[in-house]
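Participant: These protein sequence lines map, in sequence, to chains A and B. Taking the numbering used here, the leading residue of the first sequence gets 5, the next gets one more, and so forth. Taking the numbering used here, the leading residue of the second sequence gets 31, the next gets one more, and so forth.
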Amino acid sequence: MIDPAFIQDVIRVLFAVVIVTAAYIISTRNMISLVSVYALQSLTLVFMALALYSLEGTTVLLAIACITFASKVLVIPYFIATIQERIRIKRDIEFHFLSPTTSLLLSMALMLFIYIALAHIMEGTPGRESLFFFGAVIGISLMLMGMMVTFSRKRAITKVLGYLTMENGVLLFGMFVTELPFIIEFLIIIDLIILVMLTTILTVGLDSTLEDYHNRLHRFHLVEDTEEGP
Amino acid sequence: MTFSFIFYLIINTVAVLAIAPLFMSIIKKVKAWTQGRRGPSVFQTYFNLAKLLKKEVIYSSHSSWIMRVTPLVNIAAILVAALFVPLVFVPEPVGGIGNIILLLYLLALAKFFMALAGLDAGSSFGGMGSSREMSISAIIEPTTIIVFAALVFVFKTLNVFEMFITSAATGTPATPTLILLAISLFIILIVETSRIPVDNPETHLELTMIHEGMVLEQSGSNLALMELSSAVKLTLLMALIINLIVPFGLATSLTLGTIVVAAVMFALKGTILAGIIGLFESSMSKMRFFRLPSLFAMAFFFSTLIIIIEVFA
Numbered sequence: 005m006i007d008p009a010f011i012q013d014v015i016r017v018l019f020a021v022v023i024v025t026a027a028y029i030i031s032t033r034n035m036i037s038l039v040s041v042y043a044l045q046s047l048t049l050v051f052m053a054l055a056l057y058s059l060e061g062t063t064v065l066l067a068i069a070c071i072t073f074a075s076k077v078l079v080i081p082y083f084i085a086t087i088q089e090r091i092r093i094k095r096d097i098e099f100h101f102l103s104p105t106t107s108l109l110l111s112m113a114l115m116l117f118i119y120i121a122l123a124h125i126m127e128g129t130p131g132r133e134s135l136f137f138f139g140a141v142i143g144i145s146l147m148l149m150g151m152m153v154t155f156s157r158k159r160a161i162t163k164v165l166g167y168l169t170m171e172n173g174v175l176l177f178g179m180f181v182t183e184l185p186f187i188i189e190f191l192i193i194i195d196l197i198i199l200v201m202l203t204t205i206l207t208v209g210l211d212s213t214l215e216d217y218h219n220r221l222h223r224f225h226l227v228e229d230t231e232e233g234p
Numbered sequence: 031m032t033f034s035f036i037f038y039l040i041i042n043t044v045a046v047l048a049i050a051p052l053f054m055s056i057i058k059k060v061k062a063w064t065q066g067r068r069g070p071s072v073f074q075t076y077f078n079l080a081k082l083l084k085k086e087v088i089y090s091s092h093s094s095w096i097m098r099v100t101p102l103v104n105i106a107a108i109l110v111a112a113l114f115v116p117l118v119f120v121p122e123p124v125g126g127i128g129n130i131i132l133l134l135y136l137l138a139l140a141k142f143f144m145a146l147a148g149l150d151a152g153s154s155f156g157g158m159g160s161s162r163e164m165s166i167s168a169i170i171e172p173t174t175i176i177v178f179a180a181l182v183f184v185f186k187t188l189n190v191f192e193m194f195i196t197s198a199a200t201g202t203p204a205t206p207t208l209i210l211l212a213i214s215l216f217i218i219l220i221v222e223t224s225r226i227p228v229d230n231p232e233t234h235l236e237l238t239m240i241h242e243g244m245v246l247e248q249s250g251s252n253l254a255l256m257e258l259s260s261a262v263k264l265t266l267l268m269a270l271i272i273n274l275i276v277p278f279g280l281a282t283s284l285t286l287g288t289i290v291v292a293a294v295m296f297a298l299k300g301t302i303l304a305g306i307i308g309l310f311e312s313s314m315s316k317m318r319f320f321r322l323p324s325l326f327a328m329a330f331f332f333s334t335l336i337i338i339i340e341v342f343a
């Protein structure tokens with residue numbers, strides 16, 4: 005049996021990794037590394053679930069780890085990377101409302117706010133002092149940071165990555181705070197939705213008509229041109 | 031002032047002077063390897079310094095006493111600053127030595143004189159270099175202060191020696207706050223020593239040079255002193271990271287065995303860190319000037335987070 009104190013230390017280190025990856029996702033402009041950092045963040049969550057499993061022994065956590073690994077470390081990043089290769093966009097340098105620097109500073113304020121708010125809410129409950137409190141704070145912060153990515157970037161593909169980060173935040177919060185069986189169903193459904201959204205937004209665009217669809221497929225090199233494209 | 035402290039003064043200065051050019055060369059070597067070149071020998075920086083020391087100093091006819099004292103002030107300030115960061119052996123702190131705020135000011139003093147010297151010779155490149163250096167300093171300085179403040183919050187002391195003693199005593203390298211601190215300190219190191227993505231230490235291209243622009247008018251032994259002082263500055267910032275994050279092997283008592291072990295360990299860890307710096311530099315391109323604040327914001331973000339955690343948790 006592994007020492008629980010050691011596992012708690014490991015989880016704390018993983019928290020730091022999550023924060024670093026979130027900060028990178030908010031501030032980077034290089035889209036290729038964005039996807040790999042997202043995969044790294046998901047992998048961190050997998051390790052966190054495994055660490056929690058060895059601490060608590062709930063098999064649901066093991067299931068979460070497996071599903072997260074399969075979907076968010078392997079399938080989704082592979083999927084996005086493939087699409088990215090096809091549409092040939094390497095950098096995202098357009099922003100709405102917030103520059104990356106401002107978003108970073110703002111997310112700092114957000115974290116502080118969440119920390120203080122949660123500390124007030126959980127005042128006097130046994131969860132206040134433990135690791136789970138930190139998990140909740142970082143989970144919600146990650147959610148909001150993902151949201152910030154979603155609304156501050158202009159490119160659809162980065163918006164989706166922001167959305168995925170948000171979902172990672174939900175997972176983190178779920179692992180540490182709420183009832184697990186519900187969360188796991190929730191996760192699978194959301195992952196599926198994300199997969200569908202990725203295909204639609206990135207290749208077609210939600211606003212397009214079916215006539216447009218064919219043109220766009222040509223433009224983004226998703227089908228091989230038999231003749232010169234439009 | 032005890033015997034061990036005097037011994038520390040000697041051994042630290044000797045160690046930092048001896049090893050600083052080596053780290054410089056290792057970074058160059060690693061960068062050359064990643065570019066598919068063989069690169070200069072790891073002792074090349076020593077040869078360069080020896081050659082420069084023998085050469086004649088030439089001053090521009092427009093230059094004033096600033097140009098003459100700057101290399102001396104620079105090396106003096108940096109060497110004193112190097113005394114604040116023990117490399118291999120940590121004695122009991124004496125007087126103000128080891129105070130982290132004084133350390134910051136010593137580094138700033140060296141930088142200030144270097145910028146003045148850049149302006150002094152009246153060359154346009156020097157002026158440009160100084161102007162850029164000061165603009166960057168104005169942004170990085172608050173970040174540096176916050177990072178050092180985070181250090182102070184984590185270790186609950188203003189003295190670098192006491193920080194090192196605490197970290198050497200606990201010996202656990204991977205607490206989350208220290209990981210975040212290491213990233214912040216690494217960014218500070220990159221910025222303060224004018225490396226890619228902030229500045230390119232290998233170019234004399236007028237559009238991009240910052241540090242090189244300021245020392246462009248220096249020659250002979252003065253140039254050697256400037257180069258040496260930038261190498262020592264690199265080493266002292268590296269030592270700060272190494273001895274805080276991976277302190278194992280650091281000697282806290284004065285015996286021959288522990289000091290030899292500590293010196294070997296430091297050289298090893300420093301070589302690894304220099305390799306990491308070289309790889310980091312090779313993996314990046316130089317950033318556009320106005321994008322630099324986003325790099326600093328990262329360091330600022332992590333260190334403020336640490337302060338928040340330390341204050342509230």
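Yeah, the Cβ is synthetic: ideal placement off N, Cα and C, and Gly gets one too.
Indicate whether residue 223 (chain B) and residue 264 (chain B) have their beta-carbon atoms separated by less than 8 Å.
Facilitator: Within the second sequence, numbered from 1, the residue matching residue 223 (chain B) stands at position 193. Within the second sequence, numbered from 1, the residue matching residue 264 (chain B) stands at position 234. Yes; because the gap between Cβ atoms is below 8 Å, this pair is in contact.
Participant: Any C-beta of chain A within less than 9 Å: which residues of the segment 319–333 of chain B qualify?
Facilitator: Correct list: 321, 323, 324, 325, 326, 327, 328, 330, 331, 332.
Participant: At which residues does the alpha helix (DSSP H) containing residue 126 (chain A) begin and terminate?
Facilitator: As a position in the first sequence, residue 126 (chain A) is number 122, starting the count at 1. It is not in any alpha helix (DSSP H) - residue 126 (chain A) carries neither H nor E in the DSSP assignment.
Participant: In angstroms, rounded to a whole number, what distance separates the CA positions of residue 73 (chain B) and residue 55 (chain B)?
Facilitator: Here the question's residue 73 (chain B) lines up with position 43 in the second sequence. Here the question's residue 55 (chain B) lines up with position 25 in the second sequence. Cα to Cα, residue 73 (chain B) sits roughly 7 Å from residue 55 (chain B).
Participant: In terms of alpha-carbon separation, which member of A:135, A:164, A:177 lies closest to residue 59 (chain A)?
Facilitator: Here residue 59 (chain A) refers to the residue found at position 55 of the first sequence. When each option's Cα is compared against that of residue 59 (chain A), the closest is A:135.
Participant: Check the Cβ of residue 209 (chain B) against every Cβ in chain A and list those closer than 7 Å, keeping chain order.
Facilitator: Numbered from 1 along the second sequence, position 179 holds the residue referred to as residue 209 (chain B). The contacting residues are 17, 20.
Participant: Determine the direct distance from the alpha carbon of residue 112 (chain B) to that of residue 42 (chain B), and round the result to whole angstroms.
Facilitator: Counting from 1 along the second sequence, the entry for residue 42 (chain B) is found at position 12. Counting from 1 along the second sequence, the entry for residue 112 (chain B) is found at position 82. Their Cα atoms are separated by approximately 8 Å.
Participant: Among A:110, A:112, A:137, which has the Cα closest to the Cα of residue 123 (chain A)?
Facilitator: The residue labelled residue 123 (chain A) in the question sits at position 119 within the first sequence. Taking only the C-alpha atoms, the option nearest residue 123 (chain A) is A:137.
Participant: To the nearest angstrom, how far is it from the Cα of residue 291 (chain B) to the Cα of residue 279 (chain B)?
Facilitator: As a position in the second sequence, residue 291 (chain B) is number 261, starting the count at 1. As a position in the second sequence, residue 279 (chain B) is number 249, starting the count at 1. Rounded to whole angstroms, residue 291 (chain B) to residue 279 (chain B) spans 7 Å at the Cα level.
Participant: For residue 125 (chain A), count the other beta carbons within 10 Å of its own beta carbon; 16 or more makes it buried, fewer makes it exposed. Which is it?
Facilitator: Within the first sequence, residue 125 (chain A) is the residue found at index 121, counting from 1. Residue 125 (chain A) comes out exposed.
Participant: Quick check: residue 50 (chain A) and residue 77 (chain A), are their CB atoms within less than 8 Å of each other?
Facilitator: Locating residue 50 (chain A) in the first sequence gives position 46, counting from the first residue. Locating residue 77 (chain A) in the first sequence gives position 73, counting from the first residue. Against a cut-off of 8 Å, the Cβ pair of residue 77 (chain A) and residue 50 (chain A) comes out as a contact.
Participant: Quick check on residue 42 (chain A) - is its C-beta less than 8 Å from some C-beta in chain B?
Facilitator: For the purposes of this step, residue 42 (chain A) is identified with residue 38 of the first sequence, where counting begins at 1. Answer no: the Cβ-Cβ gap between residue 42 (chain A) and chain B never drops below 8 Å.
Participant: Give the interface partners of residue 213 (chain B) over in chain D, defined as CB-CB distance under 8 Å, in chain order.
Facilitator: Here chain D cannot be found, since the structure's protein chains are A and B.
Participant: Please specify which runs of the alpha helix (DSSP H), each continuous and at least 4 residues long, are wholly inside the segment 278–322 of chain B, giving them in chain order.
Facilitator: With a minimum length of 4 residues, the continuous alpha helix (DSSP H) runs that stay inside the segment 278–322 of chain B are 286–312.
Participant: Contact criterion: CB-CB distance below 8 Å. Does residue 185 (chain B) meet it with respect to chain A?
Facilitator: As a working note, residue 185 (chain B) is residue 155 in the second sequence. Cβ-Cβ to chain A under 8 Å: no for residue 185 (chain B).
Participant: If we cut at 8 Å on Cβ distances, does residue 119 (chain A) have a partner in chain B?
Facilitator: For the purposes of this step, residue 119 (chain A) is taken as the residue at position 115 of the first sequence. Yes, contact with chain B.
Participant: Going by the DSSP bridge assignment, what does residue 99 (chain A) pair with across the sheet?
Facilitator: Within the first sequence, residue 99 (chain A) is the residue found at index 95, counting from 1. Looking at the DSSP assignment, residue 99 (chain A) forms a beta bridge with A:157.
Participant: Drop a sphere of 10 angstroms on the beta-carbon of residue 67 (chain B), count the other beta-carbons inside from all chains shown, and report buried for 16 or more, exposed for fewer.
Facilitator: As a working note, residue 67 (chain B) is residue 37 in the second sequence. Residue 67 (chain B) is exposed by the Cβ-count criterion.
Participant: Run through DSSP, which three-state label would residue 73 (chain B) get?
Facilitator: Taking the second sequence and counting its residues from 1, the one referred to as residue 73 (chain B) is at position 43. Residue 73 (chain B): coil per DSSP, three-state reduction.
Participant: Under a Cβ-count criterion, where at least 16 other Cβ atoms within 10 Å of its own Cβ denotes burial, should residue 241 (chain B) be classed as buried or exposed?
Facilitator: The residue labelled residue 241 (chain B) in the question sits at position 211 within the second sequence. Buried, since its Cβ has 16 or more Cβ neighbours within 10 Å.
Participant: Could you check whether the segment 171–178 of chain B touches the segment 102–118 of chain B, counting it as contact only if at least three pairs of C-beta atoms, one from each stretch, sit closer than 8 Å?
Facilitator: Counting Cβ pairs under 8 Å, fewer than three are found: no touch.
Participant: With a CB to CB cut of under 6 Å and the five nearest residues on each side skipped, what residues in its chain are close to residue 232 (chain A)?
Facilitator: The count along the first sequence starts at 1 and reaches residue 232 (chain A) at position 228. Annotation note: pLDDT 45 at residue 232 (chain A) (below 50); position unreliable, coordinate value reported separately. So no residue of the chain qualifies.
Participant: Does the beta carbon of residue 342 (chain B) sit closer than 8 Å to a beta carbon anywhere in chain A?
Facilitator: Walking along the second sequence from the start, residue 342 (chain B) turns up at place 312. So yes, residue 342 (chain B) belongs to the interface.
Participant: Using three-state DSSP, classify residue 230 (chain B) as helix, strand or coil.
Facilitator: Along the second sequence, one-based indexing puts residue 230 (chain B) at 200. Note: residue 230 (chain B) maps to coil in three-state DSSP.
Participant: Relative to the C-alpha of residue 120 (chain B), which candidate in B:250, B:136, B:296, B:95 has its C-alpha closest?
Facilitator: As a first step, residue 120 (chain B) must be located in the second sequence, where it is residue number 90. If we check each option's Cα against that of residue 120 (chain B), B:296 comes out closest.
Participant: What's the gap between the Cα of residue 56 (chain A) and the Cα of residue 65 (chain A)?
Facilitator: What you label residue 56 (chain A) is simply residue 52 of the first sequence in a count that begins at 1. What you label residue 65 (chain A) is simply residue 61 of the first sequence in a count that begins at 1. Rounded to the nearest angstrom, the two C-alpha atoms are 7 Å apart.
Participant: What is the DSSP secondary structure of residue 114 (chain B), counted as helix, strand or coil?
Facilitator: In the second sequence, counting from the first residue as 1, residue 114 (chain B) sits at position 84. Coil.
Participant: Using a Cβ cut-off of 9 Å, pull out every chain B residue sitting near residue 134 (chain A), in sequence order please.
Facilitator: Taking the first sequence and counting its residues from 1, one reaches residue 134 (chain A) at position 130. In chain order: nothing, as chain B lies at least about 11 Å away.
Participant: Using a cut-off of 8 Å between C-beta atoms, extract the partners of residue 27 (chain A) located in chain B.
Facilitator: By one-based count along the first sequence, residue 27 (chain A) stands at place 23. By Cβ distance, chain B contributes 328, 331, 332.
Participant: Can you pull the chain B residues whose beta carbon is under 9 Å from the beta carbon of residue 31 (chain A), in chain order?
Facilitator: Start at 1 with the first residue of the first sequence, and residue 31 (chain A) comes out as number 27. Neighbours of residue 31 (chain A) on chain B, chain order: 324, 325, 327, 328, 331.
Participant: With burial defined as no fewer than 16 other Cβ atoms inside 10 Å of the residue's Cβ, what is the status of residue 45 (chain B): buried or exposed?
Facilitator: In the second sequence, the residue the question calls residue 45 (chain B) occupies position 15. Buried is the call here.
Participant: Here's the rule: buried if 16 or more other CB atoms are within 10 angstroms of the residue's CB, otherwise exposed. What is residue 25 (chain A)?
Facilitator: Locating residue 25 (chain A) in the first sequence gives position 21, where the first residue counts as 1. Classification of residue 25 (chain A): buried, given that the 10 Å Cβ count is 16 or more.
Participant: First and last residue of the alpha helix (DSSP H) that includes residue 51 (chain B)?
Facilitator: Reading the second sequence from its first residue, position 21 is the one you call residue 51 (chain B). Its alpha helix (DSSP H) spans residues 33–64.
Participant: Within 8 Å of any Cβ in chain B, is that where the Cβ of residue 81 (chain A) sits?
Facilitator: As a working mapping, residue 81 (chain A) is identified with position 77 in the first sequence. Judged by the 8 Å Cβ criterion, residue 81 (chain A) is not in contact with chain B.
Participant: State yes or no: is the beta carbon of residue 104 (chain A) nearer than 8 Å to at least one beta carbon in chain B?
Facilitator: Reading the first sequence from its first residue, position 100 is the one you call residue 104 (chain A). Yes, because at least one Cβ of chain B sits closer than 8 Å to the Cβ of residue 104 (chain A).
Participant: Using only alpha-carbon positions, find the residue among A:166, A:141, A:29 that is nearest to residue 179 (chain A).
Facilitator: For the purposes of this step, residue 179 (chain A) is identified with residue 175 of the first sequence, where counting begins at 1. If we check each option's Cα against that of residue 179 (chain A), A:141 comes out closest.
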